[in-house]
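Peer 1: Got a structure for you, written out below as structure tokens; questions coming shortly.
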């Protein structure tokens, strides 16, 4: 019997009924069989990979399967075997084992470099080609989500971890297993780095699936490798891949422009932008569309139409919607959920996954997860959405689903040096990447997005970018990033001023076409300036008493709370809503539902009359609400345009009701009074000083520190008097004209010197953010290796966004003499997540000493029961106050000062 049968690969049985361990050769065959099955799912990709190496498909398959057979070479190390639970006398003794000081993935790479590659016989590995296989061994040894270590100033040696018998056993296995894969070809070229990253993702996936004991039960007795391969590993691998939900689903044929309302049933008639999406000629190969149109013009549906056409043309096999916030992702998930099955052939079982850090709290997603192969759903809407449970159990797997909706952060992790980024990359590589609100990202995120577009293009992926107010410089930056991935020179020609505008970019062409927009969203919003807070309050009260619904978007949470306090004794109870980010997630979701019920698209006059909504920036990008009157604090022009998009968003009758469905679309006319956006800000000042904005907004000056942009925004709106959507070229108040006046240097008004200083400081900070993003981003052209980044970390160890450090706080109160989550739920698994919120780490660092001492016994007991709660985060015990719906606590800030904490169902978390 070969010595390699004395080594274990797995030793954590799922139950006591079967064997206590799985022999290492069996596990290595399991994973290689899954790799083979995954390649069967991607024949076109395999053909491209083979051609790039000068091989045929069978040769590429042989190489991929053979090296997958070697993925756990490091477990032959006696040092690894020594850390497993006690075994039997049939296994290798571990009394002379070296200390286990390196992970087994790195040990496998060392074993190859120091011993195997030079000792494998020529019929297995041609001696002249050793160096050509180095990229392959890095890929398979990096199956735990990051490349193996290759040593730094201290050289790593296999002899320090393997005994001679271990190396002999590994060599024997590498020789015997070669017959299962077939002879290795002689590579004429090095492995293309684009292929290396995708192959690394498949390797991670193969190892995950090949470690599933349900499909690959433990076997502790040897049997012939060929017999196990044919009778056990390969059949189980096919079952595992099918059960995982990762299998490619066939795309449906394109329905045609005249059938769009069948594809998206709630379209009464396609908009001009949607007609463009339905009829614009597609290019060959990867391509990018950038769609610019006003809010409400149907950009989401246009993106779905383009994705449908690209998939039907064989240029993609799925899609992923990347949104700027969790709230926008939640809404998009519901919109895509009603359509996504039509992207695939009837009878296929595509999964739709929601990908962000709080997705398990979204009821529609929780209901969509298949249990035992069947989704359970409460109604027809949620029944249309389903997600394979294996794909749904981790954000790391989210990109593998055939359709996905999530935050931009989940997609950006594909180009950052985090564990399992290659898994995200392989999931995105064949999908249409749709990115919404591309204008809204800061320089750090936008730079990472450029890196993602660059790599996505290089991998052959297509993309659709959506925006209502993207400045030309940002548009050029993103388009050029994609062109770089296509190995094309940057665009230098001036862009047309037309708006709306559709841009289409491919390796061979760049076309831009002016579009019309739909009649219902063509409008002029009058802009009135307000400079006195009492005047704003009086306006809101007057409008609400007249039966109109009103929204005031404030720039900070403190300002929103102040406005709420000023109005709560005037506006009738139940008619005033406050919405911001400092509520526990469960309460935030409840408020979100209340706002959508009262002010959403389907709300009626009875629900809307006299409603007042006070909120922060989360409103402008998250909720699809519609108000009669809008007030906004002065903010940058693109945000004001976004906020104005929630003003009379849906065409209504004079009484506030939607037009009945039997009324033809062309007869539906907005009958409410002229829309007015009231902008509350400082008095206009042609010689404004540095405190011009901060005097009125002492907190918001830190949120929007580019006072020059704010001043130019105010001046542009004063000059125009209107926001005209979309407006004609050169028309005062036209959306394009306003955006370029503030961001594109088109303004004729010279910024006051004191405010220009602030702008220069912001420019320096933007350059710093861009540099940080470039430093963090992977150098994918180096291939899958440790040197592609100097700081590989876990996925929580690198930022997808730059912001002040935050702390996740779990709110708890004592019930039945134990700390329990503040937000209760029928699903006990999500109660703690529902009770969590993020706070500024400078404001709240820890519990105060006295508060910690008071609750120490309870906290210690909770730490034993739920250790994950307090390992990195903070559990905050609260006691109910004399006021209903209010709890109190104590903490300390980053400077050690005591902080009085107050959590209110009405106002959220406050501190003094």
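Residue numbers (this note's numbering): 104 to 1015. Heads up, the beta-carbon is just placed ideally off N, CA and C, and yes, glycines get one too. None of the values given here were measured: they were computed from a predicted structure.
#1: Is the region 320-330 touching the region 500-508 in the sense that three or more CB pairs, one from each, lie closer than 8 Å?
#2: Measuring only the C-alpha atoms, how far is residue 314 from residue 343?
#3: Taking the runs of the beta strand (DSSP E) that are 3 residues or longer, which of them lie wholly in the region 371-419?
#4: On the criterion of 16 or more Cβ atoms from any shown chain inside 10 Å, does residue 986 qualify as buried, or is it exposed?
#5: Would you check if the distance between the CB atom of residue 681 and the CB atom of residue 670 is smaller than 7 Å?
#6: Give the secondary structure of residue 421 by DSSP, where H, G and I count as helix, E and B as strand, and everything else as coil.
#7: Between residue 220 and residue 280, what straight-line distance do the alpha-carbon atoms span, to the nearest angstrom?
#8: So, is residue 306 buried or exposed, given that buried needs 16 or more other C-beta atoms within 10 angstroms?
#9: Mapping DSSP to helix, strand and coil, what is residue 841?
#10: Kindly give me the distance between the Cβ atoms of residue 169 and residue 287, rounded to whole angstroms, as I take these residues to be in contact under 8 Å.
#11: Any idea what DSSP makes of residue 332, helix, strand or coil?
#12: Less than 7 Å separating the beta-carbons of residue 782 and residue 646?
#13: Taking just the CA atoms, how far does residue 217 sit from residue 179?
#14: From residue 827 to residue 864, what distance separates their C-alpha atoms?
#15: Nearest-angstrom Cα distance between residue 995 and residue 1014?
#16: Where residue 437 and residue 112 are concerned, what is the direct C-alpha to C-alpha distance, given to the nearest angstrom?
#17: Taking 8 Å as the limit between beta carbons, can you name the residues of its chain near residue 789, skipping five residues before and five after?
#18: Which one of 742, 357, 940 has the shortest CA to CA distance from residue 911?
#19: Can you list, in chain order, the stretches of the alpha helix (DSSP H) that have 4 or more residues and sit fully within the region 198-267?
#20: Taking only three categories from DSSP, how would you classify residue 1007?
#21: Measuring alpha carbon to alpha carbon, tell me which of 260, 247, 117, 278 ends up nearest residue 229.
#22: For residue 303, which residues in the same chain have their Cβ closer than 7 Å to its Cβ, ignoring the five residues on either side in sequence?
#23: Which whole-angstrom value is the C-beta distance of residue 660 and residue 683, which I expect to be below 8 Å?
#24: Could you spell out where the beta strand (DSSP E) holding residue 917 opens and where it closes?
#25: Which class does residue 728 belong to by DSSP, given the choice of helix, strand or coil?
#26: With distances taken Cα to Cα, identify the nearest neighbour of residue 759 among 332, 651, 930.
#27: Quick check: what's the CA-CA separation for residue 331 versus residue 317?
#28: Alpha carbon to alpha carbon, how far is residue 187 from residue 968?
#29: Which residues in the same chain as residue 935 place their Cβ atom closer than 6 Å to its Cβ, once the five residues preceding and following it in sequence are excluded?
#30: If you follow the alpha helix (DSSP H) that residue 548 is in, where does it begin and where does it stop?
#31: Taking only three categories from DSSP, how would you classify residue 488?
#32: I'd like to know if the region 378-396 and the region 565-572 are in contact, where contact means that at least 3 CB-CB pairs between them fall below 8 Å.
#33: Might you give, ordered along the chain, the residues of its own chain that have their beta carbon closer than 6 Å to the beta carbon of residue 483, omitting 5 neighbours on each side?
#34: When you compare each of 752, 605, 114 to residue 777 by their alpha carbons, which one comes out closest?
#35: Which residues in the same chain have their Cβ closer than 7 Å to the Cβ of residue 201, if we skip the five residues on either side of it in sequence?
#36: Taking DSSP as the reference, what is the three-state secondary structure of residue 655?
Peer 2: The answer reads as follows:
#1: In this structure the region 500-508 does not touch the region 320-330; the number of beta carbon pairs closer than 8 Å is below three.
#2: About 10 Å.
#3: Counting whole runs of 3 or more residues, the region 371-419 contains the beta strand (DSSP E) stretches 390-395.
#4: Residue 986 is classed as exposed because its beta carbon has fewer than 16 other beta carbons within 10 Å across all chains shown.
#5: Not a contact, by the Cβ cut-off of 7 Å.
#6: Strand.
#7: Rounded to the nearest whole angstrom, the C-alpha separation of residue 220 and residue 280 is 15 Å.
#8: Its Cβ being crowded by 16 or more others within 10 Å, residue 306 is buried.
#9: The answer is helix: DSSP assigns residue 841 an H, G or I state.
#10: Between residue 287 and residue 169 the Cβ distance is about 6 Å, and since that is below 8 Å, they are a contact.
#11: Of the three classes helix, strand and coil, the one that applies to residue 332 here is helix, per DSSP.
#12: Residue 646 is positioned such that its CB atom lies no closer than 7 Å to that of residue 782.
#13: Straight-line Cα distance between these residues: approximately 14 Å.
#14: Roughly 32 Å between the two C-alpha positions.
#15: Rounded to the nearest angstrom, the two C-alpha atoms are 10 Å apart.
#16: The straight-line gap from Cα to Cα measures roughly 43 Å.
#17: The answer, listed in chain order, is 855.
#18: Out of 742, 357, 940, 940 has the C-alpha closest to the C-alpha of residue 911.
#19: Listed in chain order, they are 207-214, 237-244.
#20: The answer is strand: DSSP assigns residue 1007 an E or B state.
#21: Here the closest residue by C-alpha is 278.
#22: Short of 7 Å from the beta carbon of residue 303, and not among the five residues preceding or following it, lie these beta carbons of its own chain, in chain order: 242, 245, 525, 887.
#23: Contact holds; Cβ gap of about 5 Å.
#24: Residues 909-918.
#25: Secondary structure of residue 728 (DSSP, three-state): strand.
#26: Considering only alpha carbons, the answer is 651.
#27: Going from the Cα of residue 331 to the Cα of residue 317 covers about 17 Å.
#28: C-alpha separation (whole angstroms): 26 Å.
#29: So the qualifying residues of the chain are 913, 924.
#30: Residue 548 -> alpha helix (DSSP H) spans 546-561.
#31: In the structure shown, residue 488 sits in coil (DSSP, three-state: anything other than H, G, I, E or B).
#32: With a cut-off of 8 Å, the region 565-572 and the region 378-396 count as touching, because enough Cβ pairs lie within range.
#33: In this prediction, residue 483 scores a pLDDT of 34, lower than 50, which makes its location untrustworthy; no coordinate-derived value is stated.
#34: Residue 777 has its Cα closest to that of 752, out of 752, 605, 114.
#35: Once the five neighbours on either side are set aside, the close Cβ partners of residue 201 are 181, 182, 263, 264.
#36: Residue state, collapsed to three classes: strand.
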